[in-house]
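Colleague: Okay, so the sequence shown: first residue is 1 according to my numbering, each after it adds one.
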Amino acid sequence: MWSRLVSHIRDVFSHAVAAALAAALAFYAAHWLFGHQQPIFAAITAIICLAPGIPNHLRQAINLTTGVAIGIAVGEVIFLLPISPLGIQIPLAVFAAMLLGALPNLAPVTPIQAGASALLVIVLGPATGGLVRLMDVIVGVCVGLAFALILFRNATRFHDKAKEQSADDAGQGPDGK
């Protein structure tokens with residue numbers, strides 16, 4: 001029991017440190033590469049990719065990027081429609097983006113990011129919430145995945161081993177039977 005607790009604390013600590021360092025690196029990389037003054041989305045994306053408890057960082061990055069792309073596309077379309085009150089644009093954009101983000105049945109991060117991205121395009125405008133955000137997200141994903149590949153190559157094996165141990169503790173075999 002203690003060894004699992006220590007292992008869990010070590011895993012959480014290492015992911016939190018990696019996410020913090022990756023967030024700073026992604027922020028400055030997007031600033032340096034694109035001249036963005038506040039590339040907050042690069043930093044946020046790196047954090048989401050490296051969050052503790054994520055069993056597959058690559059899948060998380062793909063799902064996150066998919067959600068952002070869907071949300072930006074939906075937000076751009078809604079933004080161009082001749083609907084002026086934000087009170088109509090916001091719910092329409094968020095609904096359409098979350099619906100489209102959930103249809104492929106990917107991880108929950110996909111429709112969440114789709115809805116948030118559509119909202120940002122509507123509220124901030126396409127110049128800030130659209131392509132600029134997507135560029136920052138791509139930088140954040142690249143930095144997050146680089147950290148994951150360097151630091152957590154055995155993460156999937158670690159999570160599989162923890163799952164097997166949990167099943168064994170419950171009196172079941174590794175396959176849950």
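Even for Gly, the Cβ is constructed at its ideal location relative to N, Cα and C.
Less than 9 Å between the C-beta atoms of Ala19 and Ile40, yes or no?
Modeller: Result no, Cβ atoms of Ala19 and Ile40 do not sit closer than 9 Å.
Colleague: Near Ala118, what residues of its chain come up, given a Cβ to Cβ distance below 6 Å and the 5 sequence neighbours on each side ignored?
Modeller: Within the same chain, Ala118 has close Cβ partners Gly71, Val74, Gly75, Ala93, Val94 and Ala97.
Colleague: Let me make sure I understand the geometry here. Which of Ala16, Ala24, Ala42 and Asn63 has the alpha-carbon closest to that of Gly129?
Modeller: For the residues Ala16, Ala24, Ala42 and Asn63, the minimum Cα distance to Gly129 belongs to Ala42.
Colleague: If contacts are defined as beta-carbon pairs under 8 Å, then Thr65 and Val143 qualify, I think. What distance do you get, rounded to the angstrom?
Modeller: So it is not a contact: roughly 13 Å between Cβ atoms.
Colleague: I believe Pro52 touches Val12 by the beta-carbon criterion, under 8 Å. Please report the beta-carbon distance rounded to the nearest angstrom.
Modeller: So it is a contact: roughly 4 Å between Cβ atoms.
Colleague: Starting from the Cα of Ile90, find the closest Cα among Pro82, Ile62, Leu149 and Ile78 and give me that residue.
Modeller: Nearest option by C-alpha distance: Ile78.
Colleague: Which residues in the same chain have their Cβ closer than 6 Å to the Cβ of Ala102, if we skip the five residues on either side of it in sequence?
Modeller: Pro111.
Colleague: Excluding the 5 residues preceding and the 5 following Phe158 in the sequence, name in chain order all residues of the same chain whose CB lies nearer than 6 Å to its CB.
Modeller: Note that Phe158 has pLDDT 47, beneath the 50 cutoff, so the model's placement of it is unreliable and the number below is only indicative. Closer than 6 Å at Cβ, skipping near neighbours: no residue.
Colleague: Looking at the structure shown, is Asn63 part of a helix, part of a strand, or coil, going by DSSP?
Modeller: Here Asn63 sits in helix by DSSP.
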